[in-house]
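Protein sequence lines, in the order shown, are assigned to chains A and B.
Quick note: the first sequence uses numbering that gives the first Met the number 0, first residue 0, plus one each step.
Quick note: the second sequence uses numbering that gives the first Met the number 0, first residue 0, plus one each step.
The beta-carbon is built from N, C-alpha and C at its ideal position, and this holds for glycine as well.
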Amino acid sequence: MIHDAQMMAELASAKPTAKPVLANVSRRGILGGAGALVLALSLRDARADEGQTAEQKAQKFGADGMPHGWRDDPKIFVSIAPDGTVTVTNHRSDMGQGVRTSVALTVADELEADWPKVKVVQAWGDEARFGNQDTDGSRSLRHFFQHFRHAGAAARLMLIEAAAKQWGVPASEVTASNHILTHAKSKRSLGYGAVAQAASELPVPTNVTLKDPKDFRYIGTGKIGLIDNFDITTGRAVYGLDTKLDGMLYAVVARPAVYGGKVKSYDDTEAKKVAGVVKIFKIDGGEIPSEFMPLGGVAVVAKNTWAALKARDALKITWDDGPNAGYDTDVFRKELEAAARKPGKVVRNQGDVDGAMAKAKTKVEAEYFVPHLVQAPMEPPAAVARVKDGFCEAWACTQGPQAANDRLMKALKLPDDKVKVNVTLLGGGFGRKSKPDYVVEAALCSQAVDGAPVKLAWTREDDIHHGYYHTISVEHLEAGLDEKGMPVAWLHRSVAPTIGSIFAPDPKHELPFELGMGLVNTPFNLPNARMENPEAAAHVRIGWFRSVSNIPHAFAIQSFVSELAHAAGRDPKEYLLDLIGPARKIDPTSIGDVWNHGEDPKLYPIDTGRLRGVIEAAAKGAGWGRQMPKGRGLGIAGHYSFVTYTSVAAEVEVDDKGQVKVHAIDIAVDCGPQVNPERIRSQMEGAVVMGMGLALTSEITFKQGRAQQNNFDGYEIIRIDAAPKVVRVHLVPTGSYDGPLGGVGEPGVPPVAPAIANAVFAATGRRVRQLPIRDQLSA
Amino acid sequence: MKEFDTMMRPAAFTVSVTVPLALILMAAPVLASPCSDKIDALSKRVTSEATASISASTSGQGNAAKRSGEGMTGTEGQRANESPQAPPEKSAQAGEGADAAQQAKVALDEARTADSKGDATACEAGVARAESQLKKAP
Numbered sequence: 000m001i002h003d004a005q006m007m008a009e010l011a012s013a014k015p016t017a018k019p020v021l022a023n024v025s026r027r028g029i030l031g032g033a034g035a036l037v038l039a040l041s042l043r044d045a046r047a048d049e050g051q052t053a054e055q056k057a058q059k060f061g062a063d064g065m066p067h068g069w070r071d072d073p074k075i076f077v078s079i080a081p082d083g084t085v086t087v088t089n090h091r092s093d094m095g096q097g098v099r100t101s102v103a104l105t106v107a108d109e110l111e112a113d114w115p116k117v118k119v120v121q122a123w124g125d126e127a128r129f130g131n132q133d134t135d136g137s138r139s140l141r142h143f144f145q146h147f148r149h150a151g152a153a154a155r156l157m158l159i160e161a162a163a164k165q166w167g168v169p170a171s172e173v174t175a176s177n178h179i180l181t182h183a184k185s186k187r188s189l190g191y192g193a194v195a196q197a198a199s200e201l202p203v204p205t206n207v208t209l210k211d212p213k214d215f216r217y218i219g220t221g222k223i224g225l226i227d228n229f230d231i232t233t234g235r236a237v238y239g240l241d242t243k244l245d246g247m248l249y250a251v252v253a254r255p256a257v258y259g260g261k262v263k264s265y266d267d268t269e270a271k272k273v274a275g276v277v278k279i280f281k282i283d284g285g286e287i288p289s290e291f292m293p294l295g296g297v298a299v300v301a302k303n304t305w306a307a308l309k310a311r312d313a314l315k316i317t318w319d320d321g322p323n324a325g326y327d328t329d330v331f332r333k334e335l336e337a338a339a340r341k342p343g344k345v346v347r348n349q350g351d352v353d354g355a356m357a358k359a360k361t362k363v364e365a366e367y368f369v370p371h372l373v374q375a376p377m378e379p380p381a382a383v384a385r386v387k388d389g390f391c392e393a394w395a396c397t398q399g400p401q402a403a404n405d406r407l408m409k410a411l412k413l414p415d416d417k418v419k420v421n422v423t424l425l426g427g428g429f430g431r432k433s434k435p436d437y438v439v440e441a442a443l444c445s446q447a448v449d450g451a452p453v454k455l456a457w458t459r460e461d462d463i464h465h466g467y468y469h470t471i472s473v474e475h476l477e478a479g480l481d482e483k484g485m486p487v488a489w490l491h492r493s494v495a496p497t498i499g500s501i502f503a504p505d506p507k508h509e510l511p512f513e514l515g516m517g518l519v520n521t522p523f524n525l526p527n528a529r530m531e532n533p534e535a536a537a538h539v540r541i542g543w544f545r546s547v548s549n550i551p552h553a554f555a556i557q558s559f560v561s562e563l564a565h566a567a568g569r570d571p572k573e574y575l576l577d578l579i580g581p582a583r584k585i586d587p588t589s590i591g592d593v594w595n596h597g598e599d600p601k602l603y604p605i606d607t608g609r610l611r612g613v614i615e616a617a618a619k620g621a622g623w624g625r626q627m628p629k630g631r632g633l634g635i636a637g638h639y640s641f642v643t644y645t646s647v648a649a650e651v652e653v654d655d656k657g658q659v660k661v662h663a664i665d666i667a668v669d670c671g672p673q674v675n676p677e678r679i680r681s682q683m684e685g686a687v688v689m690g691m692g693l694a695l696t697s698e699i700t701f702k703q704g705r706a707q708q709n710n711f712d713g714y715e716i717i718r719i720d721a722a723p724k725v726v727r728v729h730l731v732p733t734g735s736y737d738g739p740l741g742g743v744g745e746p747g748v749p750p751v752a753p754a755i756a757n758a759v760f761a762a763t764g765r766r767v768r769q770l771p772i773r774d775q776l777s778a
Numbered sequence: 000m001k002e003f004d005t006m007m008r009p010a011a012f013t014v015s016v017t018v019p020l021a022l023i024l025m026a027a028p029v030l031a032s033p034c035s036d037k038i039d040a041l042s043k044r045v046t047s048e049a050t051a052s053i054s055a056s057t058s059g060q061g062n063a064a065k066r067s068g069e070g071m072t073g074t075e076g077q078r079a080n081e082s083p084q085a086p087p088e089k090s091a092q093a094g095e096g097a098d099a100a101q102q103a104k105v106a107l108d109e110a111r112t113a114d115s116k117g118d119a120t121a122c123e124a125g126v127a128r129a130e131s132q133l134k135k136a137p
């Protein structure tokens, strides 16, 4: 395996300082020699959309609708060295989800490569070359699995063709298996490396036959471990914070504590006295909306991080706190509640809710609250940048290298071919590292010290004080029930500041993509349903947090369903299934979803049968219906997000002091075809831990516009002693490998909190309507 | 009675009130109101606009339409046509068009409900709102 640091250095040295370049130039650099299947580029005809109208052709979904789309050219993603070593270029950021492994095994399987001979290198940010690199939205395999299959299969065919030519036999008589090309009739065989050069001179085939999934050796087997496991567990893996360059300086930034705040003046007399300080300068900022650009402040560049931190502490800065100086989350919650109790912008209105509500036998009403959260990845934001001779090169733990590239261009006023962003491993991301403000800060620091490379690091406190926070929300639900206790009317008001507020003057309404995260597309069998979205202003930077608006929506809806079941005197699981109704496929546009995760509604309808399936699987895993001892309870929740279906059954115990102990979690997931089951399990396990954190302990509050938490002592995530002893992941098999995939990275999170809250109710009879639970039950 | 409520169209009331209820029920699916005709006519447009909004939600039709086919092999030659473009969900344009499509759907559903209750005025108002929203969509 190529060591990541080596890989980074090779990539860095390989890419010329000006674009465009030929793909093979860098690849040859990586492999250190000629004779590899790293070929000069040849433009292969794109597959045509036969039989589509012009309007349909203009409508692109999934990967094809993303900026810069996708590529499946083996000449971009696959190289084979003379010794047979296969190198797969992965263009998606790996933040622990294991995409480097999943991409490599997909290519390797179709290539018929021998796994131990496969290694992976990380692509730099260049979407025009690699296709979309925004590693968020649970999209990597969903969007690129088939394309990577094509890349691997095309490379296999090229090797076969090259071997056939060498032997003077028809290609149809040559087989490729486990890194060996064989002509059975003549009993000849060759390794991949032996024909790599010849294969490199062939055009990429346009008609590629993919393997029959029954012949997969790696895909779907669950037998492939993380390709980076050894490096990660031995400390050799290179994360953003690990990056080192010769002559590197270190920087931190004193940022405004309040969103929109600005530096009025500063005195750096004492700071300059700190040994090792090289430069102190002001970074402009404070604009609202901030987009992905820095908040501004005062930067300190020093010879080491300690000096930079000490100097930052010594700065005397006078701030203009700006318009959000009064932000107080306790007060704001009351504003949200008031808004939720009045009619708001209608975003779905099916049937006659008011009429049905008036005629209902009984009415149930409840409100739920979810606070701000911060992603708090284990590795805080970090980047190294070198801005020299009109060229900016950065190394960053970023989920969006192209986004970073673009912001560097903007901040430094450099053209695209004068900027390069290298991607390191990410020590977690959860959405925070989609925003490259810290990469820009690093570049500004380097620029300020005449091009010396600078590592810009965020401390944990920086991360918690200056984040892109998960929204804060109040969810107001009302239902009118018939004589059987089933809803004849359903009203849901969701009030939450929108992510859109960081891009444009605050729209004050959730955007369609937020509404499509489990609000308007609630897939229940309801005769009358109305969803509303009253106004809510943003006072902090609102950003993506793993699973985003699905968190408050799922918490509220799945808790409310449990409340309705109780009101009806019904078993919560059976009630939930009845509410979902019979198995059917719902066109998301028919219920007002105009987002659908960017996927084709025909290819990705909401399949209630699959939702029912995961609920049944989680319930079965948990032994739903069994007698529970006093103080223990089972709760269940199911949710559809990122075109995947998940359900959680939680077994909790509440002691006489009101402390909640989660004993077991059963999480079932139906994400369609399973590329790397081992990683799916890991993602679900991680989602359980993260979901437990936001259910039990995590919360960011603001006073006078300032985050009140500083570190993990105040912003508590679940610690090992609170983790459940049992987490069972149930992978529900669905669909053909030629069919659509669902997301995996995020869908595990939303059902965790409501399942726990419902279990608390089952255990105690006490209903949790606000997160985190913390000591709510101690009173 | 609930089924009746949902099936009955305003046009049914133009039939003599002496006509037995059963006949009204039989006639209802055939005798669509002018407003329900408009709803039917708009439904496809609303669905189409919603689908277009989904397509535009990531990078936008404009970006996708630059490519004639689905995929591209990597080539620097594409760069000139593929200037970096943030998806609308990460831009100041976030939600543009989609909001109009969603509001058109809401208005149409409200028209449908009004129509089922025989409220022609409200139905027409809903249809007008839906049309207005569709005009806003790009």
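- Gln-121/A in three-state terms, based on DSSP: Counting from one through the first sequence, the residue named residue 121/A turns up at place 122. Looking at Gln-121/A - three-state DSSP - the assignment turns out to be strand.
- From what residue to what residue does the beta strand (DSSP E) around Glu-336/A run? Here the question's residue 336/A lines up with position 337 in the first sequence. Segment 328-339 is the alpha helix (DSSP H) holding Glu-336/A; no beta strand (DSSP E) there.
- Where the stretch 317-351 of chain A meets chain B: residues whose CB sits under 8 Å from a CB there: Val-345, Val-346, Arg-347, Asn-348, Gln-349, Gly-350, Asp-351
- Query: Taking Cβ-Cβ distances below 8 Å as the criterion, which residues of the stretch 118-131 of chain B are in contact with chain A?
  - Reply: none
- Please state if the CB of Lys-344/A and the CB of His-508/A are separated by a distance shorter than 9 Å. Against the first sequence, residue 508/A aligns to sequence position 509. Against the first sequence, residue 344/A aligns to sequence position 345. In contact: His-508/A and Lys-344/A (Cβ atoms closer than 9 Å).
- Any chance the stretch 456-470 of chain A sits against the stretch 694-711 of chain A, with 3 or more Cβ pairs inside 8 Å? yes
- Item | Extent of the continuous beta strand (DSSP E) run through His-662/A | Stepping through the first sequence from its first residue, residue 662/A is reached at position 663. Counting along the chain, the beta strand (DSSP E) containing His-662/A begins and ends at 659-669.
- Going by the beta-carbon positions, is the gap between Pro-288/A and Ile-501/A smaller than 9 Å? As a position in the first sequence, residue 288/A is number 289, starting the count at 1. As a position in the first sequence, residue 501/A is number 502, starting the count at 1. A distance below 9 Å separates the beta carbons of Pro-288/A and Ile-501/A.
- Query: Which residues in chain A sit within 7 Å of Asp-98/B, going by Cβ to Cβ distance?
  - Reply: For the purposes of this step, residue 98/B is identified with residue 99 of the second sequence, where counting begins at 1. The answer, in chain order, is Pro-511.
- Could you tell me the boundaries of the alpha helix (DSSP H) in which Arg-120/B lies? By one-based count along the second sequence, residue 120/B stands at place 121. Before going further, note that residue 120/B is Thr rather than Arg in the sequence given. First-last of the alpha helix (DSSP H) with Thr-120/B: 119-135.
- Through-space distance from Gly-634/A to Leu-22/B, alpha-carbon basis: Looking up residue 22/B in the second sequence gives position 23. Looking up residue 634/A in the first sequence gives position 635. For Leu-22/B, the pLDDT reaches just 44, beneath the cut-off of 50, and the residue's location in the model is therefore unreliable, leaving the point undetermined.
- Around the C-beta of Val-602/A, are 16 or more other C-beta atoms found within 10 angstroms, so that it is buried, or is it exposed? As a working mapping, residue 602/A is identified with position 603 in the first sequence. The sequence given here places Leu at residue 602/A; Val does not occur at that position. Classification for Leu-602/A: exposed.
- Leu-41/B versus Phe-429/A: straight-line alpha-carbon distance, rounded: For this step, residue 41/B is matched to residue 42 along the second sequence. For this step, residue 429/A is matched to residue 430 along the first sequence. About 41 Å.
- Query: Between which two residues does the alpha helix (DSSP H) carrying Asp-436/A extend?
  - Reply: For the purposes of this step, residue 436/A is identified with residue 437 of the first sequence, where counting begins at 1. From DSSP, the alpha helix (DSSP H) with Asp-436/A extends over 436-447.
- Query: Considering Phe-554/A, what are the terminal residues of the beta strand (DSSP E) in which it resides?
  - Reply: Looking up residue 554/A in the first sequence gives position 555. Per DSSP, Phe-554/A belongs to no beta strand (DSSP E); it is in the alpha helix (DSSP H), 549-567.
- Per-residue DSSP class, three states only, for Ala-47/A: The sequence position of residue 47/A within the first sequence is 48, counting from 1. Below a pLDDT of 50, predicted positions are generally treated as unreliable, and Ala-47/A, at 40, falls in that range; no measurement from the model is reported.
- Would you identify the three-state DSSP class for Asn-228/A, choosing helix, strand or coil? Residue 228/A sits at position 229 when you count from the first residue of the first sequence. Helix at Asn-228/A.
- Buried or exposed (CB count within 10 angstroms, at least 16 for buried), Ala-355/A: The residue labelled residue 355/A in the question sits at position 356 within the first sequence. Buried: at least 16 other Cβ atoms inside 10 Å.
- In angstroms with no decimal places, state the Cα-to-Cα distance between Asp-211/A and Gly-68/A. Residue numbering aside, residue 211/A sits at position 212 when the first sequence is read from its first letter. Residue numbering aside, residue 68/A sits at position 69 when the first sequence is read from its first letter. For Asp-211/A and Gly-68/A, the distance between alpha carbons rounds to 26 Å.
- Item | Ala-535/A versus Pro-322/A - alpha carbon distance | The residue labelled residue 535/A in the question sits at position 536 within the first sequence. The residue labelled residue 322/A in the question sits at position 323 within the first sequence. The alpha-carbon atoms of Ala-535/A and Pro-322/A are separated by roughly 16 Å.
- Message: Determine, for Lys-104/B, whether the minimum Cβ-Cβ distance to residues of chain A falls below 9 Å.
- Response: Residue numbering aside, residue 104/B sits at position 105 when the second sequence is read from its first letter. When Cβ-Cβ separations below 9 Å define contact, Lys-104/B makes contact with chain A.
- Count the C-beta pairs between the stretch 167-179 of chain A and the stretch 126-136 of chain A that are closer than 8 Å, then say yes if the count reaches three, no if not. no
- Measure the CB-CB distance between Arg-148/A and Thr-100/A and report whether it falls below 9 Å. Along the first sequence, one-based indexing puts residue 148/A at 149. Along the first sequence, one-based indexing puts residue 100/A at 101. Not closer than 9 Å, so no.
- Apply the 10 Å Cβ neighbour rule to Thr-245/A and answer buried if 16 or more other Cβ atoms are within range, or exposed otherwise. The residue labelled residue 245/A in the question sits at position 246 within the first sequence. Note on residue identity: the sequence assigns Asp, not Thr, to residue 245/A. Flag for Asp-245/A reads exposed.
- At which residue ranges does the stretch 491-524 of chain A contain complete alpha helix (DSSP H) runs of 4 or more residues, listed in the order of the chain? 511-514
- Can you name, in chain order, every residue of its own chain whose Cβ lies under 7 Å from the Cβ of Ala-754/A, other than the five neighbours on each side? In the first sequence, the residue the question calls residue 754/A occupies position 755. Answer for Ala-754/A: Gly-634, Ile-635, Ala-636, Val-647, Ala-648, Ala-649, listed in chain order.
- Message: Suppose you measure from the CA of Glu-200/A to the CA of Val-168/A; what does that come to, to the nearest Å?
- Response: Translated into positions along the first sequence, residue 200/A becomes position 201. Translated into positions along the first sequence, residue 168/A becomes position 169. Roughly 18 Å separates the two Cα atoms.
- Message: DSSP three-state label for Thr-470/A, please.
- Response: Numbered from 1 along the first sequence, position 471 holds the residue referred to as residue 470/A. Thr-470/A: coil per DSSP, three-state reduction.
- Task: Name, in chain order, the residues that DSSP records as bridge partners for Asp-319/A.
- Result: For the purposes of this step, residue 319/A is taken as the residue at position 320 of the first sequence. Paired residue(s): Lys-261/A.
- Message: Closer than 8 Å is the cut-off here; do at least three beta carbon pairs connect the stretch 671-680 of chain A with the stretch 217-229 of chain A?
- Response: yes
- Item | Proximal residues of chain A, C-beta to C-beta of Asp-39/B below 9 Å | Along the second sequence, read from residue 1 onward, the residue named residue 39/B stands at position 40. Ordered by position in chain A, no residue passes the 9 Å Cβ test against Asp-39/B, which lies about 14 Å from the chain.
- Leaving out the 5 sequence neighbours to the left and right, which residues in its chain are closer than 6 Å to Gln-775/A when beta-carbon positions are compared? Your numbering for residue 775/A matches position 776 in the first sequence. Closer than 6 Å at the Cβ level, and outside the excluded window around Gln-775/A, lies no residue.
- Query: Can you check whether the CB of Ile-550/A is closer than 9 Å to the CB of Pro-749/A?
  - Reply: As a working mapping, residue 749/A is identified with position 750 in the first sequence. As a working mapping, residue 550/A is identified with position 551 in the first sequence. Against a cut-off of 9 Å, the Cβ pair of Ile-550/A and Pro-749/A comes out as a contact.
- Pairwise C-alpha distance: Gly-597/A and Pro-587/A: As a first step, residue 587/A is located in the first sequence; it is residue number 588 there, counting from the start. As a first step, residue 597/A is located in the first sequence; it is residue number 598 there, counting from the start. Using only the alpha carbons, I get a separation of about 11 Å.
- Would you mind listing the beta strand (DSSP E) stretches within the stretch 194-248 of chain A that are 3+ residues and don't spill past its ends, in chain order? none
- Message: Using the three-state DSSP reduction, which class does Ile-579/A fall into: helix, strand or coil?
- Response: If you number the first sequence from 1, residue 579/A lands on position 580. Of the three classes helix, strand and coil, the one that applies to Ile-579/A here is helix, per DSSP.
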